[in-house]
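Reviewing the structure listed below.
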Amino acid sequence: MPASPATDFIIIIPAFNEAGRIRETISGIRRFSDALIVVVSDGSHDRTAEEASQAGATVVALPFNLGYGAALQTGYQYALRKGYVYAIQMDADGQHDPSYITVLMNTVRGGDVDVVIGSRFLGEGDYQPTAIKKIGMVFFSILASLLTGQKVTDPTSGFQALNLRAMQFYASDDYPVDFPDADVLIMLRRRGMMFREIPVKMHPSPKKKSMHSGTVPPYYLFKMILSIFVILLRKKYPQEEA
Amino acid sequence: MTTQLKILSAFIGVSLFIYIIELVRRKKLREEYAWVWLLTGLMIVVLAVWYDLLLYVGGLMGGILPSALLFFFGLLFLLFITLHQSIKISNLTDDVKKLAQELALHQAGQTNGKSKS
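Chains A and B are the protein sequences, given in the same order. Counting in the working numbering, the first sequence runs from 2 upward without gaps. Counting in the working numbering, the second sequence runs from 2 upward without gaps.
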């Protein structure tokens, strides 16, 4: 049970078939934060939802699989409806070290930036991606850095902290739900929002099945390039009232 | 074009036309999509009966064979239809996503409300 109702932030975890891991992930988070944890079960076929619920998380269960981005978006929609003004998003497989929640949260609360991203490649930990993955990551890091005008080292990181303005964007129709990463950073900048990366440690994912593996990479590559290209074609959004 | 082929083409065109109307009547096909198909049926009939039109258009385009012209327009038409359907599918996917999210949020709201009270 969330012990402190006064917390103004929520932890969002999209999960697809994470039974057996989700419980540990949640209890891991509980050691560092008593914020409300909402697990968005993305049409899981196993006991992800039950386990999350038993572990003390709030569960939003999608009736069928919508994909990582849409599950994430559902979490933000939930957060906004419940009136939260800050959010942390994490992966369900325990890859993200919950001891960094506080520093992510403090950074976004600082008010200089709208999104704080935990990067694997800023010194902490010793994450080693495979060769192909590395090439893709480097490519999109360079592309994102060029197009956002600031250094981006880890555009695929799903370990982020957001303020209200960014949450509203993630929950909106404009959010690219397919594989949100580098394109989201560019969209943020074009909407006049700021982001910052801070170093975090990530554990190797216990399962081989990553979002960016198997038959997905060629499509992922294509989609991301197309997505970024059309973002540049669209009109820059006027800065909304801050 | 042989007379047999003309009759066959006209027959196919008319059958398609009637079948589309019937599908709309039975509400198997929305009016929204019917017009494209009705147009197709009509075009088939027109081209079958009025071969000179095909020759004329072929001449306009630099003396293309009427058969090649038919294939060209046929392909163009199929391209148009599939693109149109891809757009529709994209819209539907988006709608389904929104519905699923709305349903999940609604259910979450209900169960959490219950467990608290």
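Ideal placement from N, C-alpha and C gives every residue a C-beta, glycine not left out.
Practice task
Helix, strand or coil for Ser-244 (chain A), going by three-state DSSP, please let me know.
Solution key: Nothing about residue 244 (chain A) can be reported from this structure: the residues present for chain A run from 2 to 243 only.
Problem - Sheet register partners of Ser-120 (chain A) (DSSP bridge) - result: A:Pro-200
Q.
Which residues does DSSP list as the beta-bridge partners of Ala-62 (chain A)?
A. A:Ser-42
inquiry  = Just to confirm my understanding: we take Val-50 (chain B), look at its own chain, exclude 5 residues before and 5 after, and list those with CB closer than 8 Å. What are they?
reply    = Lys-7 and Ala-11
Under the DSSP definition of a beta bridge, which residues are partnered with His-97 (chain A)? A:Met-203
Q | Identity of the residues DSSP links to Gln-90 (chain A) by a beta bridge | A | A:Ile-13 and A:Gln-161
Item to check | Secondary structure of Leu-81 (chain A), DSSP reduced to three states | outcome: helix
- Item | the region 102 to 111 of chain B touching the region 51 to 63 of chain B, judged by at least three CB pairs closer than 8 Å | no
Environment of Ile-19 (chain B) [buried if 16+ CB atoms lie within 10 Å]: exposed
Original post:
Using a Cβ cut-off of 8 Å, which residues of the region 61 to 86 of chain A contact any Cβ in chain B, in chain order?
Top reply: Val-61, Ala-62, Leu-63, Pro-64, Phe-65, Leu-67, Ala-71, Gln-74, Thr-75, Gln-78, Tyr-79 and Arg-82
Open item on the list: Pop quiz: Pro-99 (chain A) and Gly-29 (chain A) are said to be a contact at Cβ under 8 Å. What is the actual Cβ separation, rounded to whole angstroms?
Closed with: 5 Å
Discussion item. Using only the alpha-carbon positions, how far apart do Gly-14 (chain B) and Val-37 (chain B) sit?
Written reply: 13 Å
Note to self: So Ile-89 (chain A) and Ala-56 (chain A) are supposed to be a Cβ contact under 8 Å. How far apart are they, rounded?
What the structure shows: Contact flag wrong, Cβ pair sits at about 17 Å.
- Shorter than 8 Å from the beta carbon of Gln-102 (chain B) to some beta carbon of chain A? yes
To the nearest angstrom, report how far apart Asn-297 (chain A) and Asp-115 (chain A) are at their CA atoms. Given that chain A is displayed from residue 2 to residue 243, the structure contains no residue 297 (chain A) and the question cannot be resolved.
- Task: Compute the Euclidean distance between the alpha carbons of Ala-93 (chain A) and Leu-165 (chain A), then round it to the nearest angstrom.
- Result: 23 Å
ask   = Which partner residues of Leu-37 (chain A) appear in the DSSP bridge assignment?
value = A:Ile-11
Next item on the list: Quick one: grab the DSSP three-state call for Ser-16 (chain B).
Entry: helix
Through-space distance from Ile-38 (chain A) to Ala-80 (chain A), alpha-carbon basis:
10 Å
Taking Arg-118 (chain A) as the reference, which of A:Val-61, A:Leu-63, A:Ile-199 and A:Met-168 has the closest Cα?
In the sequence under discussion, the amino acid at residue 118 (chain A) is Ile, which differs from the Arg named in the question. The shortest Cα separation from Ile-118 (chain A) among A:Val-61, A:Leu-63, A:Ile-199 and A:Met-168 belongs to A:Ile-199.
Thinking C-beta only, is Tyr-128 (chain A) closer than 8 Å to Ala-109 (chain A)? Here residue 109 (chain A) turns out to be Val, not Ala, going by the sequence shown. Not in contact: Val-109 (chain A) and Tyr-128 (chain A) (Cβ atoms no closer than 8 Å).
Please state whether the Cβ-Cβ distance between Ile-14 (chain A) and Val-41 (chain A) is less than 8 Å.
yes
Kindly indicate which residue of A:Ser-54, A:Glu-25, A:Ala-71 and A:Ser-120 has the alpha-carbon position closest to the one of Asp-43 (chain A). A:Ala-71
Using the three-state DSSP reduction, which class does Met-44 (chain B) fall into: helix, strand or coil?
helix
Given a cut-off of 8 Å, decide if Arg-192 (chain A) and Phe-170 (chain A) are closer than it, judged by their beta-carbon atoms. yes
Checklist line | Touching by the beta-carbon criterion (3+ pairs, under 8 Å), the region 59 to 74 of chain A and the region 133 to 153 of chain A | finding: no
Under 8 Å from the C-beta of Lys-98 (chain B): neighbouring residues of chain A
Leu-67, Ala-71 and Val-178
Exercise. Compute the Euclidean distance between the alpha carbons of Arg-27 (chain B) and Leu-39 (chain B), then round it to the nearest angstrom.
Key: 16 Å
Less than 8 Å between the beta carbons of Thr-8 (chain A) and Ala-36 (chain A), yes or no?
yes
#### Entry: Burial state of Tyr-221 (chain A), where buried means 16 or more other Cβ atoms lie within 10 Å
buried
Any C-beta of chain A sitting closer than 8 Å to the C-beta of Gln-108 (chain B)?
yes
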